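*Asks:*
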Amino acid sequence: MPDDARNDEELIADMARGNAAALATLVRRHQARVLALAYRMLGDWDHAEDIGQEAFLRIYRSAGRYRGKSLVSTWLYRIVVNLCLDHQRRRKAVVPVEDLDTIADSAARRDPLEADETAAAVRKAVLELNERQRIAVLLHRFEDLSHAQISEITGWSVSAVESLLVRAYETLRGKLRKSVESGQ
43 MPDDARNDEE LIADMARGNA AALATLVRRH QARVLALAYR MLGDWDHAED IGQEAFLRIY
103 RSAGRYRGKS LVSTWLYRIV VNLCLDHQRR RKAVVPVEDL DTIADSAARR DPLEADETAA
163 AVRKAVLELN ERQRIAVLLH RFEDLSHAQI SEITGWSVSA VESLLVRAYE TLRGKLRKSV
223 ESGQ
């Protein structure tokens, strides 16, 4: 069976048997999203690449313990989020996150200068969210994950995820509204 035809679970089973080529296929399949998530959490491509490499190595090393209770992608995201949180705790600093694409894109269509200002306001507002809200927003908005998937990745209850998202989006709307009103 060609590598690309195998599903993620089959690739994990092959890795558990020592097939490194299966890891290469899994990396090709998920690398872009893993790097994007790590970059959005850390704001640094070099660190995001390190996190991505470590996440895939952990998947390879623990493939034999995978029991299929969650999707491989969910397992991978959980590893990436945890590695990023560990990295941030070690650095003891809040780091920038990527812009909320939808807001920045709509501003770019109106005026490129306004798009830069909007992106900066969004970046600042997201930075000011607490850690749990920021993670929930990144996974929901950028990774397009459901509340249940975010719950599985983070270990938080679905109702906690929903509550975090409601509060985070309300906070973001308020901060962005103030930013627009004040002309910043």
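In my numbering, each residue carries its 1-based index in the sequence shown increased by 42. Virtual Cβ for every residue (Gly too), placed ideally from N, Cα, C. Bear in mind the structure is a predicted one, so any value in this text is a computation, not a measurement.
#1: Taking its Cβ as the centre, do 16 or more other Cβ atoms sit within 10 Å of G60, making it buried, or is it exposed?
#2: Does DSSP put W87 in a helix, a strand or coil?
#3: Find the nearest neighbour of A163 within the set H89, V69, L218, N124, judged by alpha-carbon distance.
#4: According to the neighbour-count rule (16 or more other Cβ atoms, all chains shown, within 10 Å of its Cβ), is W117 buried or exposed?
#5: Using the three-state DSSP reduction, which class does E173 fall into: helix, strand or coil?
#6: Which of helix, strand or coil does DSSP assign to D186?
#7: What first and last residue would you give for the alpha helix (DSSP H) that runs through W117?
#8: Between the Cα of V69 and the Cα atoms of V114, L84, G106, which residue gives the shortest distance?
#9: Comparing alpha-carbon positions, which option in Q73, L180, S221, K220 lies nearest L206?
*Replies:* With the given structure in hand:
#1: exposed
#2: helix
#3: L218
#4: buried
#5: helix
#6: coil
#7: 114-133
#8: V114
#9: L180
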